[in-house]
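Residue numbers (the working numbering), protein chains in the order written: chain A, 1 to 185; chain B, 1 to 520. A virtual CB, placed ideally from N, CA and C, is assigned to each residue, including glycine. Here the structure is laid out as structure tokens; the discussion comes afterwards.
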């Protein structure tokens, strides 16, 4: 706990303290470490010599922290000898990379055609109602981030979703409501 | 005596509870004091059966379909471990189901049957015979074999694989690459995912044969991040292949050096386009490159590169092991061999159906697919992913081959078939096609970047009945511009779903259609 406080203090100074990270460390199940520039720097340096290192670096940072702080941009640029603009351009091009911390639970619901053909639009609608947010948003209390995803390759068993990385399929409106209720409580 | 059980580890099986079933079986076996081996096989590919538990018996395998963890006590009580077929969920040998008996599985021969991570299993089912043959050939003979097989790019473009390989083979360079496009982003497709999870060594072998042929020493498999199971399966299998001397310096005891790395995408659909994919591996924005130069001349990191789809590369071991003729003799016209067709959407028998080219769309939907799962009539079928045309029932006689779909204003793409029932609103589907293009456009060329956003707006106006005739003309004009003015298939093919929806289902866009003239 002491260590966590020290880390959060240093992060406050760098402007990288996410609102949700505070809650994340109040003893719930999904604990990702708060952003830490020293660790980030180690990750960046460990991968910088790979050919085409940028995506592996961004993936490694996000896997570690759940998101990528803008603080990383100059560090990556320096390690790869690229401009900050180029790194920023890549970071913002790909849908996967988050520039702010996600909620404690991440629900990615497939929006593609095969899931639509199996009732996906209704499932999405119910999820929106239950969560009170639109796709691409996080609930105000930071519990759930609700993202679109375009195809998980579960197209004969849709509607499909990833809940905190675990696949679920054959969803119905009732089913998704139950899953969300469980996440919210 | 150890009881051998099979519970698929395929993502689609796990998504409906296969992990819980495997755990429940293990617990039950421990309680009964039985030694069991639970193989996490790939899926056989008829997803309505999942989770499908199979038991090895003296007379073959028997399956239990749609098993939930809560069914396990009853299954055990009905002597599942002893191989009894007494429980009502028993379906006998799954391979005897008509859905499987009617297939010609060349690429998917092992998927669902073997332990995907066992090199011994892979070899026992004919694996690495193709590489052995390839290593005994000159690179000329090898590339001629691939040409003779008639294999064309299974990613959708349908370019002859052998010609692509030959171009790279003849290109002088110190470093060449094999890149496997596993960015299977089309909705309604899952064949790449299934093969990577269910038979990863076939892809490794296919890539190795390509490397031997063209003289490449490094390969990349670019897998989309939406496929976490496939990423893990490929990484593990590559390590196993390395440890067995099948990758690394001196592949399979030869003088060829070849290794493979997995690279993970980051949610950009456009990276399925080959040049955008190369940019992405290089660590850049996934923006499309203008062609020429072709990747075969100037590809990854500026070097000659073979970039092939998973299914193209996974077809190679069979072609080498059994001979080019054995492959070429299947199919019709210029579409040779088999195609792993993916049946999805509102279908009773959704799944993977590998068959020679030439089967009609109607047979796939009504007969093999068994009609809709919902029981409602079929209204439209989208073939070839988000960039493929919507076909009405009136076009169900179209044979499944590259050319036939082309002449009917469509494309087979990566062979995904998505069935929609009568509740579908085709104007909403057309709007979605434009909206998807707007979200996924890489932004490099104007027709795609701006046309897609304007397309959504124009379709909205048509649906609302604003100046209908004029807006329809604008939409058609916009689609023409996107089709002929875009750099890649994303902008160039988005007009297919839009215009086919408008052509075959005008009533959904507010047109007054006399009953007798209704199509579809």
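- For the segment 41-60 of chain A, which residues have a beta carbon sitting closer than 9 Å to at least one beta carbon of chain B? 50, 51, 52, 53, 54, 55, 56, 57, 58 and 59
- For residue 172/A, collect the residues of the same chain with a Cβ closer than 6 Å to its Cβ; drop the 5 residues on either side in sequence, then sort them by chain order. Here residue 172/A is taken as the residue at index 172 of the first chain, counted from 1. The answer is none, since no qualifying residue turns up.
- Buried or exposed: where does residue 141/A fall if 16 or more other Cβ atoms within 10 Å of its Cβ makes it buried? Within the first chain, residue 141/A is the residue found at index 141, counting from 1. Exposed, by the Cβ-count rule.
- Query: In terms of residues, what are the limits of the beta strand (DSSP E) holding residue 365/B?
  - Reply: On the second chain, residue 365/B is found 365 positions in, with the first residue counted as 1. Here residue 365/B belongs to no beta strand (DSSP E), and DSSP marks it neither H nor E.
- Measuring CA to CA, which of 54/B, 126/B and 225/B is closest to residue 94/A? The residue given as residue 94/A occupies position 94 in the first chain. Nearest option by C-alpha distance: 225/B.
- Message: Threshold first: 3 residues or longer. Then list the beta strand (DSSP E) segments lying entirely within the segment 285-359 of chain B, N to C.
- Response: 305-309, 338-345 and 351-356
- Query: Relative to the C-alpha of residue 41/B, which residue among 205/B, 75/B, 285/B and 200/B is closest?
  - Reply: Along the second chain, one-based indexing puts residue 41/B at 41. Of the candidates 205/B, 75/B, 285/B and 200/B, the one whose C-alpha sits nearest the C-alpha of residue 41/B is 200/B.
- Does the beta carbon of residue 29/A sit closer than 8 Å to a beta carbon anywhere in chain B? The residue you call residue 29/A lines up with position 29 of the first chain. Low local confidence applies: a pLDDT of 49 at residue 29/A is under 50, so the model's placement there is unreliable, and no value is given.
- Query: Taking the alpha carbon of residue 155/A as the point to measure from, which residue in 110/B, 214/B, 143/B and 227/B has its own alpha carbon closest?
  - Reply: Indexing the first chain from 1 puts residue 155/A at position 155. The shortest Cα separation from residue 155/A among 110/B, 214/B, 143/B and 227/B belongs to 227/B.
- Neighbour-count burial assignment, residue 215/A, 16 or more Cβ in a 10 Å radius: Nothing in the structure corresponds to residue 215/A, since chain A is present only between 1 and 185.
- Task: Quick one: which unbroken alpha helix (DSSP H) runs of 4-plus residues sit fully inside the segment 420-508 of chain B? Chain order, please.
- Result: 426-440, 446-463, 468-485, 489-493 and 495-504
- Along chain A, which residues have their Cβ under 7 Å away from the Cβ of residue 280/B? On the second chain, residue 280/B is found 280 positions in, with the first residue counted as 1. Those are 55, listed as they occur along chain A.
- Message: So, with DSSP's three-state summary, where would you put residue 63/A?
- Response: To locate residue 63/A, count along the first chain from 1; it is residue 63. Reduced to three states, the DSSP call for residue 63/A is helix.
- Message: If contacts are defined as beta-carbon pairs under 8 Å, then residue 288/B and residue 276/B qualify, I think. What distance do you get, rounded to the angstrom?
- Response: Residue mapping note: residue 288/B aligns to position 288 of the second chain, counting from 1. Residue mapping note: residue 276/B aligns to position 276 of the second chain, counting from 1. Right, their Cβ atoms sit about 5 Å apart.
- Message: Given this structure, state the Cα-to-Cα distance separating residue 28/B from residue 166/A, to the nearest angstrom.
- Response: In the second chain, counting from the first residue as 1, residue 28/B sits at position 28. In the first chain, counting from the first residue as 1, residue 166/A sits at position 166. Their Cα atoms are separated by approximately 25 Å.
- Task: Examine the Cβ distances between the segment 340-354 of chain B and the segment 365-379 of chain B and report whether three or more of them are shorter than 8 Å.
- Result: yes
- Message: Rounding to the nearest angstrom, what Cα-Cα distance links residue 284/B and residue 182/B in this structure?
- Response: Position 284 of the second chain, counted from the first residue, corresponds to residue 284/B. Position 182 of the second chain, counted from the first residue, corresponds to residue 182/B. Roughly 18 Å between the two C-alpha positions.
- Item | Whole-angstrom distance between residue 250/B and residue 244/B, CA atom to CA atom | Within the second chain, numbered from 1, the residue matching residue 244/B stands at position 244. Within the second chain, numbered from 1, the residue matching residue 250/B stands at position 250. Distance between the alpha carbons of residue 244/B and residue 250/B is about 11 Å.
- Query: According to the neighbour-count rule (16 or more other Cβ atoms, all chains shown, within 10 Å of its Cβ), is residue 81/A buried or exposed?
  - Reply: What you label residue 81/A is simply residue 81 of the first chain in a count that begins at 1. With fewer than 16 Cβ atoms within 10 Å of its Cβ, residue 81/A is classed as exposed.
- Message: Using a Cβ-Cβ distance cut-off of 8 Å, determine whether residue 266/B contacts chain A.
- Response: Here the question's residue 266/B lines up with position 266 in the second chain. Yes, because at least one Cβ of chain A sits closer than 8 Å to the Cβ of residue 266/B.
- Min CB distance residue 97/A to chain B below 8 Å: The residue labelled residue 97/A in the question sits at position 97 within the first chain. Closer than 8 Å to some Cβ of chain B, the Cβ of residue 97/A qualifies, so yes.
- Task: Sort 335/B, 504/B, 108/B and 16/B by Cα distance to residue 353/B and report the nearest one.
- Result: Here residue 353/B refers to the residue found at position 353 of the second chain. The shortest C-alpha separation from residue 353/B is found at 108/B.
- Task: Mind checking who residue 587/B pairs with in its DSSP beta bridge?
- Result: This structure cannot speak to residue 587/B, because chain B is shown only from 1 to 520.
- Should residue 526/B be flagged as near chain A, meaning a C-beta pair shorter than 8 Å? What is shown of chain B runs 1 to 520, which leaves residue 526/B out entirely.
- Compute the beta-carbon to beta-carbon distance between residue 197/B and residue 157/B, rounded to the nearest angstrom, for a pair I have assumed lies under 8 Å. Locating residue 197/B in the second chain gives position 197, counting from the first residue. Locating residue 157/B in the second chain gives position 157, counting from the first residue. The pair is not a contact, with the Cβ atoms about 25 Å apart (cut-off 8 Å).
- Query: By the 10 Å Cβ neighbour count, where 16 or more other Cβ atoms means buried, how is residue 377/B classified, buried or exposed?
  - Reply: Your numbering for residue 377/B matches position 377 in the second chain. By the 10 Å Cβ count, residue 377/B comes out exposed.
- Using a Cβ-Cβ cut-off of less than 9 Å, list which residues of the segment 98-127 of chain A approach chain B; keep chain order. 108, 110, 111, 112, 113, 114, 115, 116, 117, 118, 119 and 121
- Query: Given that a residue counts as buried once 16 or more other Cβ atoms are within 10 Å of its Cβ, and exposed if not, what is residue 21/A?
  - Reply: Your numbering for residue 21/A matches position 21 in the first chain. Annotation note: pLDDT 35 at residue 21/A (below 50); position unreliable, coordinate value reported separately. Burial call: buried.
- Item | 9 Å Cβ cut-off: residues of chain B touching residue 64/A | Here the question's residue 64/A lines up with position 64 in the first chain. Simply none; closest approach about 15 Å.
- Query: By the criterion of Cβ-Cβ separation under 7 Å, what are the contact partners of residue 382/B in chain A?
  - Reply: On the second chain, residue 382/B is found 382 positions in, with the first residue counted as 1. Chain A residues near residue 382/B: 113.
- Item | chain C contact for residue 283/B (CB, 8 Å cutoff) | Looking for chain C here will not work: the only protein chains present are A and B.
- Task: Assign residue 146/B to one of three DSSP states: helix, strand, or coil.
- Result: Here residue 146/B is taken as the residue at index 146 of the second chain, counted from 1. Correct three-state label for residue 146/B: helix.
- Task: Return the bridge partner residues of residue 161/A from the DSSP annotation.
- Result: Looking up residue 161/A in the first chain gives position 161. Looking at the DSSP assignment, residue 161/A forms a beta bridge with 109/A and 168/A.
- Those runs of the beta strand (DSSP E) which lie wholly inside the segment 6-72 of chain B and span at least 3 residues: 36-39, 53-57 and 60-64
- Based on the DSSP output, what are the partners of residue 4/B in its beta bridges? The count along the second chain starts at 1 and reaches residue 4/B at position 4. Residue 4/B pairs with 37/B.
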